[in-house]
Each structure stands twice: as C-alpha cells, then as structure tokens.
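Participant: Before I ask anything, here is the structure I am working with.
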Amino acid sequence: MFDYLIVGAGFAGSVLAERLASQSGKRILLLDKRPHIAGNMYDHYDDAGILVHKYGPHIFHTNSRDVFDYLSQFTAWRPYEHRVRASVDGQLVPLPINLDTINQLYGLQLTGLEVAGFLAERAEPTAQVRTSEDVVVGKVGRELYEKFFRGYTRKQWGLDPSELDAAVTARVPTRTNRDDRYFTDTYQAMPRHGYTRLFERMLAHPGISVMLNTDFRDVDGMIPYRELIYTGPVDAFFDHRYGALPYRSLEFRFETLDRAQSQSVGTVNYPNEHPYTRITEFKHLTGQEHAKTSVVYEIPRAEGDPYYPIPRPENAALYRRYRALAETTAGVRFVGRLANYQYLNMDQVVAQALKVHRDIVARDAAAHPTAMPPSRRAAQSPGHSDQSGATPDPLAGRAEGTVLTDSLPRGAEVVHQEEFLGRSAVGGDN
Ligand code: FAD
Ligand code: UDP
Numbered sequence: 246m247f248d249y250l251i252v253g254a255g256f257a258g259s260v261l262a263e264r265l266a267s268q269s270g271k272r273i274l275l276l277d278k279r280p281h282i283a284g285n286m287y288d289h290y291d292d293a294g295i296l297v298h299k300y301g302p303h304i305f306h307t308n309s310r311d312v313f314d315y316l317s318q319f320t321a322w323r324p325y326e327h328r329v330r331a332s333v334d335g336q337l338v339p340l341p342i343n344l345d346t347i348n349q350l351y352g353l354q355l356t357g358l359e360v361a362g363f364l365a366e367r368a369e370p371t372a373q374v375r376t377s378e379d380v381v382v383g384k385v386g387r388e389l390y391e392k393f394f395r396g397y398t399r400k401q402w403g404l405d406p407s408e409l410d411a412a413v414t415a416r417v418p419t420r421t422n423r424d425d426r427y428f429t430d431t432y433q434a435m436p437r438h439g440y441t442r443l444f445e446r447m448l449a450h451p452g453i454s455v456m457l458n459t460d461f462r463d464v465d466g467m468i469p470y471r472e473l474i475y476t477g478p479v480d481a482f483f484d485h486r487y488g489a490l491p492y493r494s495l496e497f498r499f500e501t502l503d504r505a506q507s508q509s510v511g512t513v514n515y516p517n518e519h520p521y522t523r524i525t526e527f528k529h530l531t532g533q534e535h536a537k538t539s540v541v542y543e544i545p546r547a548e549g550d551p552y553y554p555i556p557r558p559e560n561a562a563l564y565r566r567y568r569a570l571a572e573t574t575a576g577v578r579f580v581g582r583l584a585n586y587q588y589l590n591m592d593q594v595v596a597q598a599l600k601v602h603r604d605i606v607a608r609d610a611a612a613h614p615t616a617m618p619p620s621r622r623a624a625q626s627p628g629h630s631d632q633s634g635a636t637p638d639p640l641a642g643r644a645e646g647t648v649l650t651d652s653l654p655r656g657a658e659v660v661h662q663e664e665f666l667g668r669s670a671v672g673g674d675n
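Below you can see the structure in the form of structure tokens.
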C-alpha cells in the first residue's frame, strides 16, 4: 500500500514526492505517462552532445528565497540572466521595450526621462484594463503594440490580444532605462547540471518509486494507495465531463548548426515574420562550451500536448466548474499548471507544491496530535508508514523503492531507486 499515488513527475509531482517521502516518512508511487521524469522541465544531451530542453527553453527565475533555497538542496547553480532581442523593422532590438529599443528603432538619442515622455504621448490608457491589448496600448501606444505584440500574440495563441486576459502580455514590462534583462527577479540561475539531474536528485529517496510510460487511466484501480495527488490536466481527470478545456500547444523544431554560436542572445523573438515565434540557442542558457550549437524554434499549434492554459474569461468560467468538482472529490489534491488551469512559471509551481505539503502536515498533525514525528517513526518501523499501525502493508518485507509489476499493463517501466542514486553519483559537484 502506497501512502500517495502521485500522477505526473514534473515539478508539482516531484516536489510533493520528495517532501512527503523525506519530511513525512510517506511511501510514494510517482507515475508519468512519458518515458522520463521532470515533466516539461526535462533536458537531455542531443546527438551532437549539446544539452537541450525537450519542451522548449526553461529559464529559472524567482523572487522567493524559500523556493531558491529548497531547490538548492538538489543542484548547484550557474548564474544566468536571460536576454531577448526582437526582430522588428529589420533590426534586432531589446525586449522588453526599453530606452535602447526606442532609440534604435527610431534613430533617436533620447534620455530616460525623454523616452518616458515619448511613450506617454503615444499611450492610450483605458479606464479599465481588461485585455492583453489594453495593457500594451495603454503603456506604449498602438504603433509599438503592433510592431511587438499583436502579431506575436496572434501567432502564439491563435487569438487577438483583445481576446486574451490582460495578464498574458502584462508578463512583459516596459522600461525607460537601459536594463535589457528579460527578468528582474532576485534569483536568476540555471541548474548547473541541468533540470533532469536536479529531478534525479530530488527523487533519489528510498521512499519514492517511479513508474514511467504509464498513464494513470490505465492503472487506476490496480494500485493500492491512500491518497492521490494529480498534476495532469484537470478536465482529463474528470473525462471532460463539461467539455474540453482549451490549451495551446507548440511544435519544437531542433537544429544543430556547425558553428559555435548562432545568435547574440539566448532568445530572438519574431513577432511579425515566419510561422515560429522565437528561436532559442541553448548554450547561452547552459554555458556549455562546444564547437557546434543547438537551437529550438517554437511553432504554435492548436493540437498537441497541452502546454499553455489559455487565459480568457470563458475558459476561466469552464475551469471554475471543474474546480468545483475537484473541491468535492475526496482524497485527491490537484496541483500544478495543468491541474489548476493556471499559466504558472516553474517557481510558482514549486511554491504551490511546498504549500500543499505544509497543508498535509498541518492536517495530519491535527488528526494525530500525539503522533510520533514521521522521521522517528520511519526509523523504528522501516517500510511501514501507516499512522495508526492498524493496516497491514502488502509490501512489507520487500525492498523499498520497488513496485509490484504483475498487474501492470505492458510497457510500464519501474525505475528503481538504485538507478537514480547510481546516476546521481556520476560527475556531480553538488
Ligand atoms: P508538467 O511539467 O507539465 O508535469 C505534468 C506531468 O504530468 C507531465 O510530465 C505529464 O506527462 C504527466 N501527466 C499528465 N497526465 C497524466 C496521466 N494521465 N498519467 C500519467 N502522467 C500524466 N517556467 C519558468 O519558470 N521559466 C521558463 O522559462 C518557462 N518556460 C516555459 C516554456 C514553455 C514552452 C512552456 C510550455 C512552459 C514554460 N514554463 C516556464 C512553465 C513551466 O514549464 C511550468 O510551470 C512547469 O513545468 C509546470 O510543472 P507541472 O508539474 O505543473 O506540470
Ligand atoms: N509577447 C509578445 N511579443 C513578444 C513577447 C511576448 O506579444 O515579443 C506576448 C505574447 O502574448 C506572449 C506573452 O507576451 O504569449 C508572454 O510572453 P512570455 O515571454 O512571458 O511567454 P512564455 O515564455 O510564457 O511563452
């Protein structure tokens, strides 16, 4: 009997697996339908030996010291501040729009104060900022909106900015100084040995078993567990009872070039030309040295893996119906970007998962106020984490970190902890 079955080995599922195993002495089965851990954060070495992100470029940035400290247990970091250029009017100019963007684009030599006036003259503020068009036009005016945001957004989302919540384009600020960093968070860094290595270390605990190539729907009912944590799409969990929630997908096209560098910064955006939105060159992000270089093009798609919840009022209304169902489904917690239908960055997902763990600890403490702390209990009764001590454990006597495979569908893969521990020991300096 597992204490928790966790569906999805991305940040939401893996943080909870790690916390529940290491801090609460729970036995966890973490499963994912993909052939690897790390969810959308998964990175690997391509055929040329260059570290690439399989599901598009992922840059870590956060203002949360808690999140940074927590992840620092599992990785060393490489300081990295992401920079983006946008291809506009035949030039590559800094994005977010800043003082240099305006001067370069219009051949001017304005100061910070003057550029603030320049933008104020053009801005068309609305009384109520509702849409992604309102946000940008209200700050920089229609011309810059059309050069930088309208085309990109229509490509990325298949919708006009006027049809999307303000929060989407509000992710990209406007500046009147020369700061050309894409993010201004306190902590900006990349895991030195990549995200997958970070996840391997996170999951290298004897209380965690991982099963890959396994869709929850195919094994539901076959695996005994006490509680479920679900991090996949919430509408799929409920068999799309109220209809499918819309997601936006992407096709990632990878290319390896026979030269050391392909572009001057990590990402170049193409708001107005080409079917793709941006090209990212991984070596900028990872700091890897190599005679060749690998890049990824992002081509937006309506069909495919659900990467982005689409923030607009009708989708929020449909999601609220699913959320109401989720709230009345006993024994299941919905965590992460897909399960909450929220456009969250990775640090927000980590913070959410840490909070869910704190909630579980508080609930358990309230239910068993005199219970022994989990770490001591685990030490005294290995392989048995039932708090009451009443339920017999079908896995008692087996090595921890294994699962019963007899009843599982073909293709299900059991990854043993020894493999994680073995791989993690290779070549790391943290
Ligand atoms: P996921 O990583 O999606 O994990 C969910 C897992 O559940 C998946 O592995 C899936 O296979 C599994 N699953 C689903 N259904 C089932 C099922 N039925 N059975 C078994 N397994 C199932 N954030 C940043 O902070 N910085 C960035 O630079 C950044 N860039 C991004 C770029 C792109 C292109 C995208 C799409 C996202 C980006 N993000 C970025 C956001 C980041 O990817 C997410 O916040 C984070 O990965 C969410 O983690 P999660 O665990 O909620 O979901
Ligand atoms: N955006 C845009 N032009 C750009 C960059 C961003 O119009 O050059 C808009 C677009 O709608 C995009 C949103 O701003 O989806 C958020 O951008 P971000 O870079 O945060 O997107 P993500 O990295 O999450 O895909």
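Basically this note's numbering = 1-based index in the sequence shown + 245. Positions of the beta carbon are idealized from the N, C-alpha and C atoms, including for glycine. Note that the structure is predicted; figures quoted are calculated from it, not measured.
(1) For residue 346, is the beta carbon positioned less than 8 Å from some heavy atom of ligand 2?
(2) Does the beta-carbon of residue 376 have 16 or more other beta-carbons within 10 angstroms, so that it is buried, or is it exposed?
(3) Compare the Cα-Cα distances from residue 555 to each of 442, 512, 411 and 358 and report the closest residue.
(4) I'd like the list of long-range same chain contacts for residue 227, defined as Cβ closer than 6 Å, with 5 residues on each side in sequence excluded.
(5) For residue 627, which residues from the same chain have a beta carbon less than 7 Å from its beta carbon, with the 5 sequence-adjacent residues on both sides left out?
(6) Would you say residue 564 reaches chain D, if we count a Cβ-Cβ gap shorter than 9 Å as a contact?
(7) Provide the residue span of the alpha helix (DSSP H) that contains residue 329, from first to last.
(8) Using the rule of at least 16 other Cβ atoms within 10 Å of the residue's Cβ for burial, across every protein chain shown, is residue 565 buried or exposed?
(9) I need the DSSP call for residue 639, collapsed to helix, strand or coil.
(10) Taking the straight line between their C-alpha atoms, what separation do you get for residue 213 and residue 302?
(11) Note down the Cα distance separating residue 682 from residue 517, rounded to an integer number of angstroms.
(12) Taking a contact to mean a Cβ-Cβ separation below 9 Å, would you say residue 306 touches residue 401 in this structure?
(13) Exposed or buried, which one is residue 308 when buried takes at least 16 other CB atoms within 10 Å?
(14) If you drop the 5 nearest sequence neighbours on each side, which residues of the same chain put their C-beta closer than 6 Å to that of residue 283?
(15) Apart from the five residues just before and just after residue 591, which ones in its own chain have a Cβ nearer than 6 Å to its Cβ?
(16) Would the beta-carbon of residue 381 fall within 9 Å of that of residue 406?
(17) Quick one: what does DSSP say residue 454 is sitting in, helix, strand or coil?
(18) Candidates 465, 272, 247 and 601: which alpha carbon is nearest residue 449's?
(19) What ranges does the beta strand (DSSP E) occupy inside the region 301-329, keeping only unbroken runs of at least 3 residues that lie completely in it?
(20) Is residue 331 near ligand 4, judged by its Cβ being under 8 Å from some heavy atom?
(21) So what's residue 510 in DSSP terms, helix, strand or just coil?
(22) Which same chain residues end up closer than 8 Å to residue 337 when comparing Cβ atoms and leaving out the 5 residues on each side of it in sequence?
(23) May I ask which residues mark the beginning and end of the beta strand (DSSP E) holding residue 441?
(24) From the DSSP output, which residues share a beta bridge with residue 430?
(25) If you draw a straight line from the alpha carbon of residue 476 to that of residue 598, how long is it in whole angstroms?
(26) By Cβ distance below 6 Å, which residues in the same chain neighbour residue 264 in space, the five residues on each side in sequence not counted?
(27) Using 8 Å as the threshold, is the region 318-329 in touch with the region 530-546, meaning 3 or more CB pairs across them?
(28) Between residue 497 and ligand 2, is there a pair consisting of the residue's CB and a ligand heavy atom that are separated by less than 8 Å?
(29) Measure the beta-carbon distance from residue 340 to residue 357 and round it to whole angstroms, keeping in mind my assumption that it falls under 8 Å.
(30) For residue 667, I'd like the list of residues in its chain whose CB is within less than 7 Å of its CB, leaving aside the five on either flank, ordered along the chain.
(31) Assuming residue 323 and residue 437 form a contact by the criterion Cβ under 8 Å, report the distance between their Cβ atoms to the nearest whole angstrom.
(32) Which residue wins for smallest C-alpha separation from residue 542, given the options 583, 499 and 310?
(33) Please list, in chain order, all residues of the same chain as residue 299 whose beta carbon is under 6 Å from its beta carbon, the five residues on each side excluded.
(34) What three-state label does DSSP hand residue 548 in the structure shown?
(35) Cutting at 7 Å between CB atoms, please list the residues of its own chain near residue 523, excluding the five before and the five after it.
(36) If you follow the alpha helix (DSSP H) that residue 379 is part of, which residue opens it and which one closes it?
Facilitator: On the basis of the supplied data:
(1) As a working note, residue 346 is residue 101 in the sequence shown. The answer is no for residue 346.
(2) By 1-based counting over the sequence shown, the position of residue 376 is 131. Under this definition residue 376 is a buried residue.
(3) Within the sequence shown, the letter at position 310 stands for residue 555. Shortest Cα-Cα distance from residue 555 to any of 442, 512, 411 and 358 involves 411.
(4) Absent from the structure is residue 227, since the part of the chain shown begins at 246 and ends at 675.
(5) Here residue 627 refers to the residue found at position 382 of the sequence shown. Caution applies to residue 627, whose pLDDT of 35 falls short of 50 and renders its modelled position unreliable; the value that the coordinates give is listed next. Cβ neighbours of residue 627 beyond the five flanking positions: none.
(6) No chain D is part of this structure, which consists of one protein chain only.
(7) In the sequence shown, the residue the question calls residue 329 occupies position 84. Boundaries for residue 329: no alpha helix (DSSP H) harbours it, while the beta strand (DSSP E) harbouring it runs 329-333, taken from the DSSP string.
(8) For this step, residue 565 is matched to residue 320 along the sequence shown. Exposed: under 16 other Cβ atoms inside 10 Å.
(9) Locating residue 639 in the sequence shown gives position 394, where the first residue counts as 1. Because the pLDDT at residue 639 is just 38, under 50, the model does not fix this residue reliably, and the value given afterwards should be weighed accordingly. For residue 639, the secondary structure class from DSSP, reduced to helix, strand or coil, is coil.
(10) For the chain, the structure presents residues 246 to 675; residue 213 sits outside this window and is missing.
(11) Nothing can be reported for residue 682, as the shown portion of the chain is limited to 246 through 675.
(12) Along the sequence shown, read from residue 1 onward, the residue named residue 306 stands at position 61. Along the sequence shown, read from residue 1 onward, the residue named residue 401 stands at position 156. Result no, Cβ atoms of residue 306 and residue 401 do not sit closer than 9 Å.
(13) Locating residue 308 in the sequence shown gives position 63, counting from the first residue. So residue 308 counts as exposed.
(14) As a working note, residue 283 is residue 38 in the sequence shown. Taking C-beta separations shorter than 6 Å and ignoring five residues to either side along the sequence, the partners of residue 283 in its chain run 440, 441 and 444, following chain order.
(15) Taking the first residue of the sequence shown as position 1, residue 591 is located at position 346. Cβ within range, chain order: 256.
(16) Along the sequence shown, one-based indexing puts residue 381 at 136. Along the sequence shown, one-based indexing puts residue 406 at 161. With contacts defined by Cβ atoms closer than 9 Å, residue 381 and residue 406 form a contacting pair.
(17) Position 209 of the sequence shown, counted from the start, is the residue given in the question as residue 454. Of the three classes helix, strand and coil, the one that applies to residue 454 here is strand, per DSSP.
(18) For this step, residue 449 is matched to residue 204 along the sequence shown. Closest option to residue 449, Cα to Cα, is 272.
(19) 322-324
(20) Ligands displayed in this structure: ligand 1 and ligand 2; ligand 4 is not among them.
(21) The sequence position of residue 510 within the sequence shown is 265, counting from 1. Coil at residue 510, not helix or strand.
(22) Residue mapping note: residue 337 aligns to position 92 of the sequence shown, counting from 1. Contacts found: 330, 331, 509 and 513.
(23) Walking along the sequence shown from the start, residue 441 turns up at place 196. From DSSP, residue 441 is part of no beta strand (DSSP E) but of the alpha helix (DSSP H) over 440-448.
(24) For this step, residue 430 is matched to residue 185 along the sequence shown. Answer is none; residue 430 lacks a bridge partner.
(25) Counting from one through the sequence shown, the residue named residue 476 turns up at place 231. Counting from one through the sequence shown, the residue named residue 598 turns up at place 353. Rounded to the nearest angstrom, the two C-alpha atoms are 10 Å apart.
(26) For the purposes of this step, residue 264 is taken as residue 19 along the sequence shown, with counting starting at 1. Excluding residues within five positions, the ones whose Cβ falls inside 6 Å are 602.
(27) Counting Cβ pairs under 8 Å, three or more are found: they touch.
(28) Indexing the sequence shown from 1 puts residue 497 at position 252. Answer for residue 497: no, Cβ out of range of ligand 2.
(29) Taking the first residue of the sequence shown as position 1, residue 340 is located at position 95. Taking the first residue of the sequence shown as position 1, residue 357 is located at position 112. Rounded, the Cβ-Cβ distance is 18 Å, inconsistent with contact.
(30) Walking along the sequence shown from the start, residue 667 turns up at place 422. Reliability fails at residue 667, whose pLDDT of 42 lies under 50, so the model's placement of it is uncertain and the value that follows must be treated cautiously. Listed in chain order, the non-local C-beta contacts of residue 667 below 7 Å within the same chain number zero, local neighbours out to five positions each way being set aside.
(31) In the sequence shown, the residue the question calls residue 323 occupies position 78. In the sequence shown, the residue the question calls residue 437 occupies position 192. That pair is a contact at about 5 Å.
(32) On the sequence shown, position 297 is the one that residue 542 refers to. Answer by Cα proximity: 499.
(33) Residue numbering aside, residue 299 sits at position 54 when the sequence shown is read from its first letter. Only residues of its own chain outside the window of five on either side were considered, and among them 287 have a CB closer than 6 Å to the CB of residue 299, listed in chain order.
(34) Reading the sequence shown from its first residue, position 303 is the one you call residue 548. Coil, per DSSP.
(35) If you number the sequence shown from 1, residue 523 lands on position 278. Hits under 7 Å: 512, 513, 514, 515 and 543.
(36) For the purposes of this step, residue 379 is taken as the residue at position 134 of the sequence shown. Start and end: 377-385.
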